[in-house]
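A short worksheet on the structure shown next.
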Amino acid sequence: MTNQCVIPIIKSPKDYQAFRISPGDTNRLAIVFDPVIANVSLTVCVEIFDVGGKTPPNRHQFAVEMFFVLKGKGQATCDGKTVSIQPGDSVLVPPTGTHVIENTGNERLYALCIMVPNEDFVELIRSGTPVELDEEDMRVLGRADVLVPC
Numbered sequence: 003m004t005n006q007c008v009i010p011i012i013k014s015p016k017d018y019q020a021f022r023i024s025p026g027d028t029n030r031l032a033i034v035f036d037p038v039i040a041n042v043s044l045t046v047c048v049e050i051f052d053v054g055g056k057t058p059p060n061r062h063q064f065a066v067e068m069f070f071v072l073k074g075k076g077q078a079t080c081d082g083k084t085v086s087i088q089p090g091d092s093v094l095v096p097p098t099g100t101h102v103i104e105n106t107g108n109e110r111l112y113a114l115c116i117m118v119p120n121e122d123f124v125e126l127i128r129s130g131t132p133v134e135l136d137e138e139d140m141r142v143l144g145r146a147d148v149l150v151p152c
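For the sequence shown, the residue numbers in our numbering are 3 to 152.
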């Protein structure tokens, strides 16, 4: 076995590309890492839900999908079971689990989303309409809301 040093890939919110998969969607996905950048079959993105926004019911044949709530409140439904979610909560969706994430709060819902393997998820995201991350998104993703001036 040889020792090797891998230089980590570092990205910040200004590097993220964001998309709406379909024009009428009430959520946007900001891609953090994809299979090309990470050199492994995974997708990491931040899903941003407008007030009242939600994903369409969907399922993945082989992929496991995890959501970690960064900000906002909502509910997660998988195979007919619904739970409330808030910052710090994690939801793990097994392969073939039909699921929906919905913003039930009065502000945007932000969730880190990780899918392994990719199962063409990032390709689906990139096939959508590019959108810009706004000031609020950059504040949440950059965590500027927790910085205290000296």
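Note that CB positions come from ideal geometry on N, CA and C, so glycine has one too.
Item: Does the beta-carbon of ASN41 have 16 or more other beta-carbons within 10 angstroms, so that it is buried, or is it exposed?; Value: exposed
Item: The beta strand (DSSP E) that contains GLY76, what's its start and end?; Value: 76–80
Item: In chain order, what residues of the same chain lie with their CB nearer than 7 Å to the CB of ASP91, ignoring the 5 residues before and after it?; Value: VAL71
Item: Does DSSP classify PHE70 as helix, strand or coil?; Value: strand
Item: Helix, strand or coil for PRO10, going by three-state DSSP, please let me know.; Value: coil
Item: Just grab the DSSP bridge partners of PRO132 for me.; Value: PHE21
Item: Count the other CB atoms, across all protein chains shown, that sit within 10 Å of the CB of LEU94; report buried if there are 16 or more and exposed otherwise.; Value: exposed
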